[in-house]
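Asker: Mind having a look at this structure? Questions to follow.
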Amino acid sequence: MLAIAAAVAVLVAPRLDHAVQEISLPLRHDDIIRQQAEAKALDPALIAAVIYVESRFRDQTSPAGAKGLMQILPSTADYIARKSGGTEFVQGDLATPQINISYGSWYLRYLLSHYGGNELLAIAAYNAGEGKVDGWRAAARLRGERFRVAAHIPFPETRHYVRRVFDARASYRRQYAAELGL
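Take 17 as the starting number for the sequence shown in this note's numbering and just add one per residue.
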């Protein structure tokens, strides 16, 4: 009887571990994430982390009107469509994982370029908007400070958001390295 229990444990344990991982840190659309990461020179774990923090990989619309996996506001999507040549884009396209992840990744690349590769500022802007982050940086400069760490973010929600994204990225790198092509 003990041998049967041990055999069942050996067979069930890996599946149980995978099920727990899927619940606690899900990963979907890894093929799209890898493709967009390569096309836009982004860390695939960063894309996955933003999706996780924004939507936990569920297609939804937020109370603020942000849509899809990467929670893109309609006005931001229209801006991305104009800048990226998405002339056939309609708002309903944000429910399509390929388009949503493509647009969200484009916006991440844009923000990283805008902030000179500074991931802290780019992720803060993904959450709070460029205007807010630019204002925080300007206020820090007036005080003679550099805006370098999450603690410098005056909005607790955005400060927490940035920390969650960075923590999730580390977890995705650790748990899904093969799936994300790392």
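We put the CB at the ideal spot given by N, CA and C, even for glycine.
1. What are the boundary residues of the alpha helix (DSSP H) that Pro113 is part of?
2. In the segment 31-106, which residue ranges form an unbroken beta strand (DSSP E) of at least 3 residues, counting only runs that do not cross its ends?
3. Whole angstroms is fine: what's the gap from Ile88's alpha carbon to Ile67's?
4. Quick one: using the 10 Å Cβ neighbour count with 16 as the cut-off for buried, is Lys83 buried or exposed?
5. Could you check whether His45 and Pro113 sit closer than 9 Å to each other, using their CB atoms as the reference points?
6. Who are the Cβ neighbours of Val13 in its own chain at under 8 Å, not counting the five residues just before and after it?
7. With distance defined between alpha-carbon atoms, name the residue in Ile63, Asn134 and Val106 nearest to Trp122.
8. If you compare alpha carbons, which of Gln51, Asp94 and Asn134 is closest to Ser118?
9. Whose CA, out of Tyr126, Asp109, Gln76 and Arg157, lies closest to the CA of Lys99?
10. How far does the alpha helix (DSSP H) with Asn143 in it extend, from its first residue to its last?
11. Compare the Cα-Cα distances from Met86 to each of Ala65, Glu104 and Gly147 and report the closest residue.
12. Distance, Cα to Cα, Ile49 vs Pro90?
13. Would you mind sorting Glu70 into buried or exposed? The rule is 16 or more other CB atoms within 10 Å of its CB.
Answerer: Quick answer:
1. The residue given as residue 113 occupies position 97 in the sequence shown. The continuous alpha helix (DSSP H) containing Pro113 extends over residues Pro113 to His130.
2. With a minimum length of 3 residues, no continuous beta strand (DSSP E) run stays inside the segment 31-106.
3. As a working mapping, residue 88 is identified with position 72 in the sequence shown. As a working mapping, residue 67 is identified with position 51 in the sequence shown. Computed Cα separation, rounded: 11 Å.
4. Walking along the sequence shown from the start, residue 83 turns up at place 67. Lys83 comes out buried.
5. Counted from its first residue, the sequence shown places residue 113 at position 97. Counted from its first residue, the sequence shown places residue 45 at position 29. Yes.
6. This structure cannot settle anything about residue 13, because the visible part of the chain is limited to 17 through 198.
7. Taking the first residue of the sequence shown as 1, we reach residue 122 at position 106. Out of Ile63, Asn134 and Val106, Ile63 has the C-alpha closest to the C-alpha of Trp122.
8. In the sequence shown, counting from the first residue as 1, residue 118 sits at position 102. The option with the nearest alpha carbon to Ser118 is Gln51.
9. Residue mapping note: residue 99 aligns to position 83 of the sequence shown, counting from 1. Sorting Tyr126, Asp109, Gln76 and Arg157 by C-alpha distance to the C-alpha of Lys99 places Tyr126 at the top.
10. For the purposes of this step, residue 143 is taken as residue 127 along the sequence shown, with counting starting at 1. That run of the alpha helix (DSSP H) goes Glu135 to Ala144.
11. Looking up residue 86 in the sequence shown gives position 70. Checking every option, the nearest Cα to that of Met86 belongs to Ala65.
12. Counting from 1 along the sequence shown, the entry for residue 49 is found at position 33. Counting from 1 along the sequence shown, the entry for residue 90 is found at position 74. So the alpha carbons of these two residues sit roughly 21 Å apart.
13. Indexing the sequence shown from 1 puts residue 70 at position 54. Taking every protein chain shown into account, the CB of Glu70 has 16 or more other CB atoms within 10 angstroms, so this residue is buried.
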